[in-house]
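If you count the sequence shown from 1, position 74 lands on 1471 in our numbering, and the numbers rise without skipping.
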Amino acid sequence: MKKKTLITIWEYITLTVACFIFAMSWECFMIPNGMSAGGMMGLCTVIQYATGGFIQAQYSYIVINAALIIIAVFAMGIGFGFKTIYCIAMSSLAMQLMASLPVLHSVAGQFFYVRETLLIPIFAGVLESVGLGLTLRYGGSTGGTDIIALMVNKYWPVSLSTVFFISDFVIVALLLFLPDKNFAVVVGGKKSSYQLMVFSEKFSEIADYIAVKMERGVTLLQAKGWYTKKDREVLLILISQKEFPALSKVIKDIDPKAFMSVSPTHSVFGEGFEEIKAGIHTKKKKDGAE
């Protein structure tokens, strides 16, 4: 009896760790960089991006899973074990905790910052695979599209892999309907950049954060409001696409009343961006002189 109790305790400790690893892949790497992927968490991130962060991924994740479990019980009479419910609840709790700790986010100025954008989904994919693998190994499940696949397979001759492929494709394709979001969000390169103009009374705090924490250049412009006839300062910032979500959050935290104009740019040359290429050759004149 004592041995069985110790085994059960070990299983739930492992499931808890697995849920935190799974949550880390999303809340530490994918979501802070505005990225998404397939699966139920992919859908939840799309909802978060579409609502401007009003509906956080961890909340829609637990609500959608709860609804799916109820539908599955009525439609198929499936009895979901306590471990599945535990993993869904623990994953949501872990995501909420990590979302509230910016120090864990893979953004400029933080410990997990990854400069190469292409590596972010790779790291996230490895973490998610480890988390899901441990969850399944000890009899748990994170729900999501697994439940949908089981219900479809129950009533139609469609394989589970086909359901997973279709659902993942639809979820990723939803990104195309979001402003400034497309498939490049997942595999965006260095060339995607933004030019920001920030109007804020707390411009000095914002500028200090960009210069010190993000190690980016920032230009202070002197302007005058035509309506108020008052002088004011405007920050001009060039930033990469992957750094934009984190900077937007910082600006909002420093000054909720800040006004920000964002323009996408595709050609930014210089230190910290793309190298200036001078591969232009002058044509030879007809007389042979150069």
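Built from N, CA and C at the ideal position, the CB exists for glycine as well. Treat the numbers as computed from the prediction; the structure is a model and nothing was measured.
Kindly identify the DSSP beta-bridge partner or partners of residue i.
{"i": "E1630", "result": "Q1619"}
{"i": "F1596", "result": "V1631, F1656"}
{"i": "T1636", "result": "Before going further, note that residue 1636 is Ile rather than Thr in the sequence given. Partner(s): Y1591."}
Report back the beta-carbon spacing between residue i and residue j to the nearest angstrom; my notes put them in contact at under 8 Å.
{"i": "M1487", "j": "T1413", "result": "6 Å"}
{"i": "A1570", "j": "M1427", "result": "Not really, about 17 Å apart at Cβ, beyond 8 Å."}
{"i": "G1420", "j": "A1505", "result": "Correcting the residue type first, residue 1420 is Ala in the shown sequence and not Gly. The Cβ separation is near 22 Å, so there is no contact."}
{"i": "V1467", "j": "M1437", "result": "The displayed chain sequence assigns Ile, not Val, to residue 1467. With 8 Å as the limit, I1467 and M1437 do not qualify as a contact, their Cβ atoms being about 15 Å apart."}
{"i": "A1496", "j": "L1575", "result": "Not confirmed; about 19 Å, so no contact."}
{"i": "G1528", "j": "C1416", "result": "7 Å"}
{"i": "L1618", "j": "V1443", "result": "With 8 Å as the limit, L1618 and V1443 do not qualify as a contact, their Cβ atoms being about 36 Å apart."}
{"i": "S1489", "j": "Q1455", "result": "5 Å"}
{"i": "L1465", "j": "I1544", "result": "4 Å"}
Tell me the residue span of the alpha helix (DSSP H) that contains residue i.
{"i": "N1430", "result": "It is not in any alpha helix (DSSP H) - N1430 carries neither H nor E in the DSSP assignment."}
{"i": "V1647", "result": "1641-1651"}
{"i": "P1499", "result": "Run containing P1499: none; DSSP gives neither H nor E here."}
{"i": "K1399", "result": "1399-1421"}
{"i": "S1526", "result": "1516-1534"}
Using only the heavy atoms of the ligand COA, determine whether one of them is closer than 7 Å to the beta carbon of residue i.
{"i": "M1437", "result": "Absence of the ligand COA is noted for the structure shown, with no ligands found whatsoever."}
May I ask you to verify whether the stretch 1559-1571 touches the stretch 1592-1611, counting CB pairs closer than 8 Å and requiring at least 3? no
Quick check on the DSSP output: what are the complete alpha helix (DSSP H) runs of length 4 or more inside the stretch 1442-1473, in order along the chain? 1454-1473
Runs of beta strand (DSSP E) lying entirely within the stretch 1543-1581, each at least 3 residues, in chain order: none
For the stretch 1624-1631 and the stretch 1639-1649, state whether three or more C-beta atom pairs, one from each stretch, are separated by less than 8 Å. no
Okay, do the stretch 1483-1502 and the stretch 1524-1541 touch, 3+ Cβ pairs below 8 Å being the bar? yes
Three CB pairs or more closer than 8 Å across the stretch 1505-1514 and the stretch 1604-1614: yes
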